[in-house]
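K.L.:
Could you have a look at this structure, given as structure tokens, before my questions?
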């Protein structure tokens, strides 16, 4: 397999947004993801391995990942040979973590052509296998990722302990090595001042709440990533079952909060949505954080059928196109922060002028 | 920056939370973070608990002059890592053998951050339960069905009921198929 640049992915629909208008609770649950952490037996974890050792590990993994194992054409990316913009593109498409794109020695990423299956080699663990889809669909994700994990496990010897399960670099992932996460869009809970209590409630249930890009990122645009904390002591199905019940409840809370806002303060809600639309449609400088916040406003307007001539696809496309990596890829060169704000505003104005795409 | 809680030690842990839509920054020293953790307020903030725990543990064994790497204690025979090194790597271990080498400390961490101490999920070389995903989907549809009935959305309720029936029939059929396969294999 020859390493490629992020350009090969740009024509794709983004995996976690593609077909997002097709149901599955997509109006509130934007996307679902499951990650499995695995390590090769008898090999030091990436944190203590030499560059040479990590190269050896990544070759061993890349060798067995073929179209048959992944269920489709496979792309290979080497972090060390990619430009910063390309690495940002991979992170924005949620194929690589913020930590991973900064790694070099032996950090390789394998991506199935539809981007719904990917595998980071030499992140915190040797293998981080990921399955991601739009909407709320954990059972289908689990079925798919577990099948690919079975195939990988037949070709590679995994570090496994009878009592502790899959051994991971950090004991917070040991056992199943599984993290499921769902990205929720919760503007009405935020607007009605109930988000603090909601987040606390989620945390009491031993689930983690994070921003869009995981650990350390903030909750720009009212997007929250909820994930399981425990990985040991319950089976994958038990973890997913408990987790799904909480997500269903959160979706209901947000839905009720939206209906209540519209009933109690119709003009307040319309104003929130309208101002967001106005800023995106007419501004000439648009910082990234502000764009996400306004896209949240426009998204809720589309979800609640407050627009006649705007569909969710348009919002999704802007969502990805306005992020730094994609913005610069589209411009064909690196842009300064000031240039990015101007370019971002231009893209928003044009896209919203067209309305439907 | 001083710790918000004790106002004495240097704050090394910085946490941002949202309370009632307002952003609140908290700066804590390792010791106070541990206290807060005990009270349950830090547990699920996406906060690296392992880091704090290992920090605390290696602190116990370290000599008073922490300038150099001076923890005498245990060294992993496989990767050569010490507790001090694990702490500096945010609670990450050097290799699978570290789980044996530092077993008492790790089981302490696991006791605090995990639901149980024994793995009950899938294993390498053994297929996941074939009906696991279907079971999950049925559970979810049942919740949606209850909800639809509660809201008196009967059209949706009927849709969920049919979907549940289809899935249950499908998994019963595949169960029977597996049973006959087993039978004929004997």
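Chains as they are written, first to last, in my numbering: chain A, 1 to 357; chain B, 1001 to 1186. No residue lacks a Cβ here, since even glycine has one placed at the ideal position from N, Cα and C.
1. For residue 1183 of chain B, would you say it is in contact with chain A, using Cβ-to-Cβ distances shorter than 8 Å as the test?
2. Taking DSSP as the reference, what is the three-state secondary structure of residue 181 of chain A?
3. If you scan the stretch 20-62 of chain A from start to end, which runs of the beta strand (DSSP E) of 3 or more residues do you find wholly inside it?
4. Rounded to whole angstroms, what's the CA-CA distance from residue 45 of chain A to residue 1081 of chain B? Just pull it up for me.
5. Just to confirm the assignment, what range does the beta strand (DSSP E) spanning residue 121 of chain A have?
6. By how many angstroms is the C-alpha of residue 142 of chain A removed from the C-alpha of residue 40 of chain A?
7. When the Cα of residue 364 of chain A is compared with those of A:318, A:108, A:93 and A:33, which residue comes out closest?
8. Could you tell me the alpha carbon to alpha carbon distance between residue 966 of chain B and residue 1032 of chain B, rounded to whole angstroms?
9. Can you tell me which of the three DSSP states residue 240 of chain A falls into?
10. So which residues of chain A does residue 1161 of chain B contact, with C-beta pairs closer than 7 Å?
11. Could you please give me the residues that DSSP links to residue 108 of chain A through a beta bridge?
12. Is the shortest distance between the beta-carbon of residue 416 of chain A and the beta-carbons of chain B less than 8 Å?
13. Going along chain B, which residues have a C-beta under 9 Å from residue 174 of chain A?
14. In three-state DSSP terms, what is residue 968 of chain B?
15. Would you mind sorting residue 1006 of chain B into buried or exposed? The rule is 16 or more other CB atoms within 10 Å of its CB.
16. With distances taken from CA atoms, which of A:255, A:77, A:9 and A:139 is nearest residue 119 of chain A?
17. Exposed or buried, residue 308 of chain A, counting other C-beta atoms within 10 Å across all chains shown (16 or more means buried)?
18. Mind listing the chain B neighbours of residue 158 of chain A? Cutoff is C-beta to C-beta under 8 Å, in chain order.
19. At a Cβ threshold of 8 Å, is residue 1046 of chain B touching chain A?
20. To which residues does DSSP link residue 157 of chain A through a beta bridge?
21. Does the beta carbon of residue 1146 of chain B sit closer than 8 Å to a beta carbon anywhere in chain A?
22. Report the three-state DSSP secondary structure of residue 1010 of chain B (helix, strand or coil).
23. For the beta strand (DSSP E) containing residue 227 of chain A, name the first residue and the last one.
24. Beta carbon of residue 224 of chain A, beta carbon of residue 262 of chain A: below 8 Å?
25. Go through its chain and collect everything with a Cβ distance to residue 4 of chain A's Cβ below 8 Å, but skip five positions before and after it.
26. Please classify residue 82 of chain A: is it buried, with 16 or more other beta-carbons within 10 angstroms of its beta-carbon, or exposed?
P.N.:
Looking at the atomic coordinates:
1. no
2. Strand.
3. Restricted to the stretch 20-62 of chain A, the beta strand (DSSP E) segments that are unbroken, complete and at least 3 residues in length are 29-38, listed in chain order.
4. 11 Å
5. For residue 121 of chain A, the enclosing beta strand (DSSP E) begins and ends at 117-121.
6. In a straight line, the C-alpha of residue 40 of chain A is about 22 Å away from that of residue 142 of chain A.
7. There is no way to answer for residue 364 of chain A, as the model of chain A reaches only from 1 to 357.
8. As displayed, chain B neither begins before 1001 nor continues past 1186, which places residue 966 of chain B out of reach and without an answer.
9. helix
10. Those do not exist, as residue 1161 of chain B stays about 17 Å from chain A at its closest Cβ, beyond 7 Å.
11. A:78 and A:121
12. A question about residue 416 of chain A goes unanswered here, because the residues of chain A that appear run from 1 up to 357.
13. 1099, 1106, 1110, 1114 and 1119
14. Here chain B comprises residues numbered 1001 to 1186, so residue 968 of chain B is not present and cannot be evaluated.
15. exposed
16. A:77
17. Residue 308 of chain A should be labelled exposed.
18. 1124
19. Note that residue 1046 of chain B scores 39 on pLDDT, short of 50, meaning its location in the model is unreliable and no value can be drawn from it.
20. BP columns for residue 157 of chain A are empty, so no partner.
21. no
22. strand
23. Unbroken beta strand (DSSP E) run through residue 227 of chain A: 223-228.
24. no
25. 75, 76 and 77
26. buried
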